[in-house]
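Take a look at the structure below.
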Amino acid sequence: MRIFLACPRDMSSEDEKRAKEKIFMVLPQLTEESVTSSAQAYFESFSRFGSWDQWIDHVATGKNYMTQEPVYTHFVCVTQQVGRATSEIVRLALERGKHVYLLDTHIGLKKVAGVVEQDSQDWQKGWQLTII
Numbered sequence: 001m002r003i004f005l006a007c008p009r010d011m012s013s014e015d016e017k018r019a020k021e022k023i024f025m026v027l028p029q030l031t032e033e034s035v036t037s038s039a040q041a042y043f044e045s046f047s048r049f050g051s052w053d054q055w056i057d058h059v060a061t062g063k064n065y066m067t068q069e070p071v072y073t074h075f076v077c078v079t080q081q082v083g084r085a086t087s088e089i090v091r092l093a094l095e096r097g098k099h100v101y102l103l104d105t106h107i108g109l110k111k112v113a114g115v116v117e118q119d120s121q122d123w124q125k126g127w128q129l130t131i132i
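Okay, so the sequence shown: first residue is 1 according to our numbering, each after it adds one.
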């Protein structure tokens, strides 16, 4: 299981650490290497793809060259309001039948069924996740 942890760009490293800890409480079988934050993924791979659209496609649908396993099998968002890149990652992941969740601080993980545009001019919070 490889998890992409979608965090807002302005999220502090301390809040990101707490989100990862919550995931480990909900899914104790995971290791630190199984969870990659969006910031970490961006810094590790964005420059190889040349555009936001190509990077988004890689995150949502990409496969490891050697193993042909998906780069990410599960996607966890830490906020219900998301930006353009996260909304596209969620949309593509759901189209491919991948698991997408919202990390709830009280319950754990809530299943995401879709994403709805609310304000396309707000690239940081203009989309909302639809929860089942």
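Where a beta carbon is used, it is the ideal one built from N, C-alpha and C, also for glycine.
Predicted model, so just to flag it, every value in this text is computed and none were measured.
- The continuous beta strand (DSSP E) containing D104 extends over residues H99 to D104.
- Counting along the chain, Q54 sits inside the alpha helix (DSSP H) bounded by residues W52 to T61.
- The beta carbon of T130 sits closer than 8 angstroms to those of V112, A113, G114, V115 and V116, all from its chain and outside the five residues before and after it, given in chain order.
- Taking C-beta separations shorter than 6 angstroms and ignoring five residues to either side along the sequence, the partners of G108 in its chain run V26, following chain order.
- In the three-state reduction of the DSSP assignment, L27 falls in the coil class, being assigned neither a helical nor a strand state.
- Between the segment 18-32 and the segment 52-62, the count of C-beta pairs closer than 8 angstroms stays below three; the two stretches do not touch.
- E14 is classed as exposed because its beta carbon has fewer than 16 other beta carbons within 10 Å across all chains shown.
- Within 10 angstroms of the beta-carbon of W127 lie 16 or more other beta-carbons, which makes it buried.
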